[in-house]
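Engineer: Could you have a look at this structure, given as structure tokens, before my questions?
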Amino acid sequence: MSDARNSILTKLRTTRDAHPLTPPASDFAPIEAKVWPPEERLPRIRRLMEAVHTEFIDAAEADWPAVLREFLAREGVESLLYAPETEAGKRLVEGWGTVSPSPPRGEGRGEGEASHDSPEGSAMYPPHPNPLPGGEREFEGMGEGPTLIPYDRPLEDLKPQLFESIEAGFTTTRGAIAETGSLILWPTAEEPRTLSLVPHIHIALLRADALYDTFLQAMREQRWADGMPTNALLVSGPSKTADIEQTLAYGVHGPKRLVVLVVHP
Amino acid sequence: MDGNAPDFAAASRAALADPQLRGNFRRAMDGLMSKRAAQFADAGEWHAVRALAASVRLRALSKLPELLEKLEENCTRNGITVHWAATTEEANGIALDILHRVDARLVVKGKSMVTEEMHLNAVLEKNGIEVLESDLGEYIVQLDGTMPSHIIMPAIHLNTKQIAHLFKRKIKDAESREDAAYLTDLARRVLRAKFQAADVGMSGVNAAVAETGTLCLIENEGNGRMCTTVPPVHIAFMGLEKVVEKLEDVPPVISLLPRSATGQPITTYVNMISGPRKDGEKDGPREVHLIILDNGRSSIYADPELRDTLRCIRCGACMNHCPVYTKVGGHAYEAPYPGPIGKILVPQIEGLDKRGAMPHACTMCNACVEICPVKIPIVEIMGRLRVEAVKPGGAVKDGGAKASRAEAMVWSGWAAMNASPTAYRVATLAMSKLGNAAPSSLPMLKEWTNVRTKPRFAGRTLHDLARAKGVPDV
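Keeping their order, the protein sequence lines are chains Y and U.
Heads up: the first sequence begins at 12 in our numbering, then just goes up one per residue.
Heads up: the second sequence begins at 261 in our numbering, then just goes up one per residue.
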């Protein structure tokens, strides 16, 4: 196929050099000019995202795991997939109950590794380190709450649960954009891409002090061009479509609900 | 003349006779136009960001060969395998090789107009590979066995009732319910099982960033993310013009594309892919391939005027605002790209013999040029293609295919008449006296009067009238 490569590039180069093109300068000022007073950014993000059915809950640094747990229990959500190795994942586990200490951990990992190669491996999952379906590890005083499930193995070993039973996924964000009402997602080895894609509900943690005016400002200040992750995303609402007679319908392929958990400093 | 050449005039007549189709398009286009207008309420912002986006595209074209090399270098460094295809046959061959190597049985696809250009689905099916379009509109069109009628809203020609009937016929256990929410949920259930099981996911590319080796895809449904994230192999297809120089060039394009296309401030997802799953990562495809397709684009690029065709970011706004497209709909063009951009792009890719009618399906009203977010001079290019169609040996494939000696004689007579004051005076005098007596069935007149009323000639010529008003002869 290098024949095609060389002939294409040679033709482009020859014809371009025969008729060079001088583009006008790119003036980014019209985008740089889009700024909002800091106190208006969050309300704007909220207004734009709520207009496309995003839900918001507010919490403080100290109690956001409990606020989230209460929200999910109230909504009748029974399972929440999370990234156990991220700071937020650890906080989530620690803060899940205010009465009980951190749940025991450990045995799930080894079995997860073992199940990796066995065909029944995924069918045997859980066990995971945290709660059991029977509710033995329900924290006292919290009533019925969702089961925490760690994303601690490759997608291949989690696919059936991910597609068929897990209801919600929890991710962090790298901030949000005021111009368009968009969350910045930055999946990593610890926080996989599918956490925010496959479960019916996506819960995204947004720190109220990580707000940007525009996409351009965010990528400049976070120096994206120096190194992109395998996948970076802007997410501006739950999945939607208008392909049937322009009638807006939510939850076509991605999450049906997007819940932004705003953590105020 | 190709015996299978699409007959735009006949297809248009059929479309015009279908009131359901015309109603579906009229409603949809009116909605899209007003939503777009609301997004660009600030004219100053529109003009400034539009100038920026046009400069981004022009700068990319000015360095096209270098940027493609840089894109290849950075994608390769990121672990993306880059392939080059001069023709659609080559691109299909590359895709098939990958599919055979991984023994693929089921392919899920996100929206990609380039693969429509390649007729990839037919090729895959011929090779025994099940291929499923997953964008809801594309899925509907695939179930219906037709083609997209709009590049952004593929099933815009159908209404809810028609789609409900289609689903009832084609999907097991479907209820007969004319309810968009129900139909959407039904498609969700069918397609989720396919995303889970697919061996390979395919997608297009909205912009490929040379600087970082990043493929940007925008979408609302999440099917694009599914196709590029869940299956073990991802194959992305792009026309060679889709490259931009820097990551910073993406925001202006993303700012205008969804606003122009559907009147949304932004799409639900902006998906930026810079590589397959890395060691230690738990998901993402194990392989990512990028197939860069030429298919005539390098010839378009060779001509300094026609080159502007390649600025296009495929927002589809030109369709929404085109008085011809709105009346006849997308299928009448029988082409992967309908509407104004199709009328200049498709003849250049497929040749003026087969597609000579397309540049004529235009009133030159300039609406498309007014709203194009990257300022493509569509109407000028349309005029140029009309000339190329009758001028043998020009820059465009099958140039001169529509040349006719009779027409050439008429035009040279016209030129001679206008070059000589005496001939002009005699001719205009003759027309003012005899024009109204000429039957509209005269060979040359007929083409015009077939679909129009023959104009009435004034009894006195303009020169005559001017002289009467005291304007001196020059």
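All C-beta atoms, glycine included, are put in the ideal place defined by N, C-alpha and C.
1. Counting only Cβ-Cβ distances shorter than 7 Å, please list the residues of the segment 457-474 of chain U near chain Y, keeping chain order.
2. Can you tell me whether C582 of chain U is buried or exposed, with buried defined as 16 or more other CB within 10 angstroms of its CB?
3. What does the Cβ neighbour count give for I514 of chain U, buried or exposed, with the cut at 16 atoms within 10 Å?
4. Using the beta-carbon of each residue, which ones in chain U are nearer than 7 Å to W235 of chain Y?
5. For the alpha helix (DSSP H) containing P600 of chain U, name the first residue and the last one.
6. In chain U, which residues lie with their C-beta within 8 Å of the C-beta of R27 of chain Y?
7. What are the boundary residues of the beta strand (DSSP E) that includes E326 of chain U?
8. Hey, would you say L553 of chain U sits closer than 8 Å to A345 of chain U, going by beta carbons?
9. Check each residue of the segment 564-598 of chain U: if its Cβ is closer than 8 Å to any Cβ of chain Y, include it; give the result in chain order.
10. Chain U partners of L284 of chain Y, CB-CB under 8 Å?
11. Can you list, in chain order, the residues of the segment 72-104 of chain Y whose Cβ is nearer than 7 Å to any Cβ on chain U?
12. Are the beta-carbon atoms of F268 of chain U and A718 of chain U separated by less than 8 Å?
13. Taking all protein chains shown into account, do 16 or more other C-beta atoms lie within 10 angstroms of the C-beta of T21 of chain Y, making it buried, or fewer, making it exposed?
14. Could you give the C-beta distance for T489 of chain U and R185 of chain Y, rounded to a whole number, given that I count them as a contact under 8 Å?
15. Below 8 Å on C-beta distance, what does R164 of chain Y contact in chain U?
16. Measure the beta-carbon distance from V493 of chain U to P545 of chain U and round it to whole angstroms, keeping in mind my assumption that it falls under 8 Å.
17. Just to check my reading of the structure: N483 of chain U and S394 of chain U have Cβ atoms closer than 8 Å, yes? What is that Cβ distance to the nearest angstrom?
18. Could you tell me which whole alpha helix (DSSP H) segments of length 4 or greater appear in the segment 170-200 of chain Y?
19. Name the chain U residues that come within less than 8 Å of D224 of chain Y, Cβ to Cβ?
20. Please state the DSSP three-state secondary structure of K635 of chain U.
21. Between Y:P249, Y:E232, Y:E201, which has its C-alpha nearest E541 of chain U's C-alpha?
22. Which same chain residues end up closer than 8 Å to F174 of chain Y when comparing Cβ atoms and leaving out the 5 residues on each side of it in sequence?
23. For H591 of chain U, which of helix, strand or coil comes out of DSSP?
24. Which residue wins for smallest C-alpha separation from S322 of chain U, given the options Y:L59, Y:L23, Y:F82, Y:A70?
25. For chain U, is any of its Cβ atoms less than 8 Å away from the one on D69 of chain Y?
26. Under the assumption that L206 of chain Y contacts V246 of chain Y (Cβ atoms under 8 Å), give the Cβ distance between them as a whole number of angstroms.
27. Determine, using beta carbons only, whether E481 of chain U and G265 of chain Y come nearer to each other than 8 Å.
28. Answer yes or no: does any C-beta atom of chain Y fall closer than 8 Å to that of I358 of chain U?
29. Counting only Cβ pairs nearer than 9 Å, list the residues of chain Y close to N531 of chain U.
30. If you count every other CB in all the chains shown that lies within 10 Å of the CB of E350 of chain U, and 16 or more means buried, which is it?
31. Given a limit of 9 Å on CB to CB distance, which residues of the segment 29-45 of chain Y reach chain U?
32. In terms of residues, what are the limits of the beta strand (DSSP E) holding G499 of chain U?
33. I'd like to know if L227 of chain Y contacts chain U, where contact means its C-beta is closer than 8 Å to some C-beta of that chain.
34. What is the DSSP secondary structure of L259 of chain Y, reduced to helix, strand or coil?
35. Applying the criterion that 16 or more other CB atoms from any shown protein chain within 10 Å of the CB defines a buried residue, is E232 of chain Y buried or exposed?
Structural biologist: If we stick to the structure as given:
1. E471, T472, T474
2. On the second sequence, position 322 is the one that residue 582 of chain U refers to. So C582 of chain U counts as buried.
3. For this step, residue 514 of chain U is matched to residue 254 along the second sequence. Buried: at least 16 other Cβ atoms inside 10 Å.
4. The residue labelled residue 235 of chain Y in the question sits at position 224 within the first sequence. Within 7 Å Cβ-Cβ: L507.
5. The count along the second sequence starts at 1 and reaches residue 600 of chain U at position 340. Segment 599-610, the alpha helix (DSSP H) holding P600 of chain U.
6. Taking the first sequence and counting its residues from 1, one reaches residue 27 of chain Y at position 16. What R27 of chain Y touches in chain U: S322, L324, P325, Y561.
7. As a working note, residue 326 of chain U is residue 66 in the second sequence. First-last for E326 of chain U: 324-338, but that is the alpha helix (DSSP H), not the beta strand (DSSP E).
8. Translated into positions along the second sequence, residue 553 of chain U becomes position 293. Translated into positions along the second sequence, residue 345 of chain U becomes position 85. A contact, by the Cβ cut-off of 8 Å.
9. P564, R567
10. Chain Y is shown only over 12 to 276; residue 284 of chain Y falls outside these bounds and no answer can be derived.
11. none
12. Stepping through the second sequence from its first residue, residue 268 of chain U is reached at position 8. Stepping through the second sequence from its first residue, residue 718 of chain U is reached at position 458. No. Outside cutoff.
13. Here residue 21 of chain Y refers to the residue found at position 10 when the first sequence is read from its first residue. Counting Cβ neighbours within 10 Å, T21 of chain Y comes out exposed, since fewer than 16 surround it.
14. As a working mapping, residue 489 of chain U is identified with position 229 in the second sequence. As a working mapping, residue 185 of chain Y is identified with position 174 in the first sequence. No, T489 of chain U and R185 of chain Y are not in contact; Cβ-Cβ is about 18 Å, not under 8 Å.
15. In the first sequence, the residue the question calls residue 164 of chain Y occupies position 153. Those within 8 Å of R164 of chain Y in chain U are K542.
16. The residue you call residue 493 of chain U lines up with position 233 of the second sequence. The residue you call residue 545 of chain U lines up with position 285 of the second sequence. Indeed they touch by this definition, with Cβ atoms about 6 Å apart.
17. Within the second sequence, the letter at position 223 stands for residue 483 of chain U. Within the second sequence, the letter at position 134 stands for residue 394 of chain U. At roughly 4 Å, the Cβ-Cβ gap stays under 8 Å, so N483 of chain U and S394 of chain U are in contact.
18. 170-175
19. Locating residue 224 of chain Y in the first sequence gives position 213, where the first residue counts as 1. Residues of chain U passing the Cβ test: none, with the nearest at roughly 11 Å.
20. Your numbering for residue 635 of chain U matches position 375 in the second sequence. It is coil, neither helix nor strand.
21. On the second sequence, residue 541 of chain U is found 281 positions in, with the first residue counted as 1. The option with the nearest alpha carbon to E541 of chain U is Y:E201.
22. Locating residue 174 of chain Y in the first sequence gives position 163, where the first residue counts as 1. Excluding sequence neighbours, F174 of chain Y sits near V209.
23. Your numbering for residue 591 of chain U matches position 331 in the second sequence. The answer is helix: DSSP assigns H591 of chain U an H, G or I state.
24. In the second sequence, counting from the first residue as 1, residue 322 of chain U sits at position 62. Closest option to S322 of chain U, Cα to Cα, is Y:L23.
25. As a working mapping, residue 69 of chain Y is identified with position 58 in the first sequence. No, D69 of chain Y lies away from the interface with chain U (no Cβ there is under 8 Å from its Cβ).
26. Residue 206 of chain Y sits at position 195 when you count from the first residue of the first sequence. Residue 246 of chain Y sits at position 235 when you count from the first residue of the first sequence. Contact flag wrong, Cβ pair sits at about 12 Å.
27. Taking the first residue of the second sequence as 1, we reach residue 481 of chain U at position 221. Taking the first residue of the first sequence as 1, we reach residue 265 of chain Y at position 254. A contact, by the Cβ cut-off of 8 Å.
28. By one-based count along the second sequence, residue 358 of chain U stands at place 98. No - not a single Cβ of chain Y is within 8 Å of the one on I358 of chain U.
29. Counting from 1 along the second sequence, the entry for residue 531 of chain U is found at position 271. The answer, in chain order, is N242, A243, L244, L245.
30. The residue you call residue 350 of chain U lines up with position 90 of the second sequence. That one is buried.
31. A29, H30, P31, L32, T33, P34, P35, A36, S37, D38, F39, A40, P41, I42, A44, K45
32. Here residue 499 of chain U corresponds to residue number 239 of the second sequence, with the count starting at 1. Unbroken beta strand (DSSP E) run through G499 of chain U: 493-499.
33. For the purposes of this step, residue 227 of chain Y is identified with residue 216 of the first sequence, where counting begins at 1. With 8 Å as the cut-off, L227 of chain Y counts as an interface residue toward chain U.
34. As a position in the first sequence, residue 259 of chain Y is number 248, starting the count at 1. L259 of chain Y: coil per DSSP, three-state reduction.
35. Translated into positions along the first sequence, residue 232 of chain Y becomes position 221. Answer is exposed; the Cβ neighbour count stays below 16.
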